[in-house]
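**Student:** Under the working numbering, the first residue of the sequence shown is numbered 174, with each subsequent residue one higher. Idealized CB from N, CA, C, for every residue including glycine. The following block contains the structure, expressed as structure tokens.
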Amino acid sequence: MSTQEHVYFHSGHSAAVFAAEIGPAVGMAVIRGGRGETFLSRPLPDGGAVGGELRANELADPVEPSFLDVFPLVLDLGITIGDRGRQLAEARALFAELAGVSPVPVALVRGYDFLLGTADGSKKLVWFPENVTPYAEDRETWLPFQPAVHR
């Protein structure tokens, strides 16, 4: 289980190129790490920051397919204030903003366990019922919202 939330992007661009496009649109700074990593960050109104690393999604598993397999990029999202409830609230708010400006479909996942929301290119947000996983057992629920495989 991850202690971060994760925003998935259906983009064919590299993390650095996509971050330069999407970050400024939601007030996030793009920061390059010493090993070439790409981070997005913005301050929280009462101190601290929200953000994380934007990277290639390396979790696709052909043996056990999931909703997330078709998303080439993932933002590992956290906050610098150690409050899991607050982190989820900030992730939901940032996700809604990202969905409104993203040129590609996006999805929000709590940890790696629960699919919270998705938005397609039309910017229409869909929030999933509680406890929907991105895995095969809930395929019937999420399949209509999964983007086509990126080419």
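1. Please state whether DSSP places E194 in a helix, a strand or coil.
2. Do F182 and L246 have their C-beta atoms closer together than 8 Å?
3. Quick check on this structure: which residue in H179, S184, T176, S295 has the alpha carbon closest to the alpha carbon of V243?
4. Residues in the same chain with beta-carbon distance under 8 Å from M174, minus the five sequence neighbours each way, listed in chain order, please.
5. Classify A189 as buried or exposed, calling it buried when 16 or more other Cβ atoms lie within 10 Å of its own Cβ.
6. For L267, is the classification buried or exposed, using 16 other Cβ atoms within 10 angstroms of its Cβ as the cut-off for buried?
7. Can you check which of these residues, L288, A262, D219, V277, is closest to E194 by C-alpha distance?
**Tutor:** So, from the listed chains and residues:
1. If you number the sequence shown from 1, residue 194 lands on position 21. Collapsing the DSSP output to three states places E194 in a helix.
2. The count along the sequence shown starts at 1 and reaches residue 182 at position 9. The count along the sequence shown starts at 1 and reaches residue 246 at position 73. Yes, these two residues count as a Cβ contact at 8 Å.
3. Locating residue 243 in the sequence shown gives position 70, counting from the first residue. Of the listed residues, the one whose Cα sits closest to V243 is S184.
4. As a working note, residue 174 is residue 1 in the sequence shown. The predicted model places M174 with a pLDDT of 46, which falls under 50 and marks its position as unreliable; any figure quoted below should be read in that light. Closer than 8 Å at the Cβ level, and outside the excluded window around M174, lie G284, Y285, D286.
5. Counting from one through the sequence shown, the residue named residue 189 turns up at place 16. Answer is exposed; the Cβ neighbour count stays below 16.
6. Position 94 of the sequence shown holds residue 267. Around the C-beta of L267, 16 or more other C-beta atoms lie within 10 Å, and the residue is accordingly described as buried.
7. Sequence index remark: in the sequence shown, residue 194 carries index 21 (1-based). Of the candidates L288, A262, D219, V277, the residue whose Cα lies closest to the Cα of E194 is V277.
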